[in-house]
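In my numbering, the protein residues as written are 1489 to 1744.
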Amino acid sequence: MTIATTTTSTEKESQEKKVEHEFFHIDMIPDAMDKMQWSTAAKLMRHWFGIQPAYAFDLNSKDQAVNGDPRNLPPSKINIDIVKMSWAIQFEQVKNGINTLKKTWCSPKGKKQLIERLQDVGDFTKSCVFLGYSEDVTYLDATAQVNFKKIGSKTDTINAWYGAMGNSVLKVCVRGSTTKINGNDVFITDSLGFYLKDTYDFVDENNTSEPLGIWSNDKILDKKESVIYMSSYFSGLFGELVRSYSGFVPVFNSDF
């Protein structure tokens, strides 16, 4: 909160009046995240604010970033250090997604993708082909990823996952090699790897800007509080908002 000073005059005297004025800027959101112990979310947003020159995705570049070869992106547009699977796996969206992909990765589409990955390396009908023997996630995404699952929902509980990732793409890559068994070409899977791939963007896919929560200097409102706030907001009951939610403001994609 800041103190703004104004001056009013009368015929007899000039007097100074101090007025309390609350303000909130979007670059203050990481500080609020830190106060809620959302450290990963705060680091992500600060990283985004710190990119030089400033960069913003559009629908086309977002699609290319998510579905294309990450090795074609400049290093300034890739970060593999902030969001760790050791952090993400504590959330139900990720745990459930991994359990699902463990069972379904070798679907018809998954097998087709696997064959294409193998063919990119060599002719597996004539010699043994190895896949996925690297620790470089950008390399694995481009050469050994075989299936994926979209996770997260706008109806999810507002928590540290919601603040950092929200909706994301969980991908699975394979490590193994081909061989022949009884004359048949077989892929022997040594292990599966799971990782998240997403863009940090504020792209709206329609004419309505997506809400990103109702923020103050200290926190974000939960879903129940947000419904009450927005009901008053769209009804023009601003006096009620000042009384009950002083310092809170709705934030939308279009604000970034």
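For glycine and all other residues, C-beta sits at the position ideal for the given N, C-alpha and C. Only a predicted model underlies this, so the values are computations on that prediction, with no experimental measurement involved.
Same chain, Cβ closer than 7 Å to residue i, five either side skipped, listed in chain order
i: CYS1616; result: SER1665, THR1666, THR1667
i: LEU1628; result: GLY1620, SER1622, CYS1661, GLY1681
i: PHE1537; result: ASP1515
i: PHE1612; result: LEU1606, THR1666, ASP1673
i: HIS1535; result: ASN1567, ILE1570
With 16 other Cβ atoms within 10 Å as the buried cut-off, status of residue i
i: PHE1736; result: buried
i: MET1516; result: exposed
i: GLN1525; result: exposed
i: LYS1600; result: exposed
i: HIS1509; result: Here HIS1509 scores only 48 on pLDDT, less than 50, and its place in the model should not be relied on; the value that follows carries that caveat. Exposed, since its Cβ has fewer than 16 Cβ neighbours within 10 Å.
i: ASN1656; result: The sequence shown places Ser at residue 1656, not Asn. Buried.
i: LYS1523; result: exposed
i: PRO1518; result: buried
i: GLY1610; result: exposed
i: ILE1708; result: buried
Contact under 9 Å by Cβ, residue i with residue j
i: ALA1773; j: PHE1690; result: Coverage of the chain is limited to positions 1489 through 1744, which leaves residue 1773 absent and any answer about it impossible.
i: VAL1554; j: THR1687; result: yes
i: ILE1514; j: VAL1739; result: yes
i: ASP1706; j: ALA1542; result: no
i: GLY1654; j: GLY1640; result: yes
i: MET1751; j: TYR1683; result: Coverage of the chain is limited to positions 1489 through 1744, which leaves residue 1751 absent and any answer about it impossible.
i: LEU1729; j: PHE1675; result: no
Reduced DSSP category for residue i - H, G, I as helix; E, B as strand; rest coil
i: ASN1672; result: strand
i: SER1574; result: helix
i: HIS1509; result: For HIS1509, the pLDDT reaches just 48, beneath the cut-off of 50, and the residue's location in the model is therefore unreliable, although a value from the coordinates is still provided. Strand at HIS1509.
i: PHE1612; result: coil
i: ASP1678; result: strand
i: LEU1619; result: strand
i: SER1527; result: helix
i: TYR1446; result: The structure shown has nothing for residue 1446, since the chain only spans 1489 to 1744.
i: LYS1597; result: helix
Cβ-based neighbour list, residue i, same chain, cut-off 8 Å, excluding 5 preceding and 5 following
i: ILE1568; result: VAL1625, THR1626
i: GLY1724; result: none
Spatial neighbours of residue i in its chain, beta-carbon cut-off 6 Å, leaving aside the 5 residues before and after
i: ASN1741; result: PHE1690, ASP1692, SER1697, GLU1698
i: GLN1552; result: none
Q.
Does the segment 1626-1642 come into contact with the segment 1713-1721, if we say contact requires no fewer than three beta-carbon pairs (one atom in each stretch) closer than 8 Å?
A. no
Q. Is there contact between the segment 1579-1587 and the segment 1640-1650, where contact requires at least three CB pairs shorter than 8 Å?
A. yes
(Q) Contact between the segment 1698-1706 and the segment 1586-1596 is defined here as three or more beta-carbon pairs at a separation below 8 Å; is this criterion met? (A) no
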